[in-house]
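Residues 833 to 907, numbered by the working numbering, are exactly what the sequence shown covers, in order.
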Amino acid sequence: MNNDTDKSTPILLLPFVLLWRLLGFVISLCTRVVAALLGLTLMVTGVALTMSVIGAVVGLPLSVFGLLLLVRALF
């Protein structure tokens, strides 16, 4: 079905559209990798702080936040 709301890209603009979509995909992939690395780093730091009794107050929420960030990056 071809509705009035369907818009097709003119053939002359197709390379620019494809380049824009590729750029969006690369940026999305890079942000996911950065979020995963940051989440993993926060988890390791939080676990290291939790091993000391004094740092457990800060370490436990930090490791939970890192886990949530890692899960968000993966899904």
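C-beta: ideal position from N, C-alpha, C; glycine also.
In the three-state reduction of the DSSP assignment, LEU870 falls in the helix class. With a threshold of 16 other beta carbon atoms within 10 Å, SER895 meets it and is buried. If you draw a straight line from the Cα of ILE886 to the Cα of THR877, it comes to about 14 Å. Secondary structure note for SER895: its alpha helix (DSSP H) is the uninterrupted segment 888–906.
The beta carbon of LEU881 sits closer than 6 Å to the beta carbons of GLY887, VAL890 and GLY891 from its chain, once the five residues preceding and following it are set aside; these are given in chain order.
With fewer than 16 other Cβ atoms inside 10 Å of its own Cβ, GLY856 counts as exposed.
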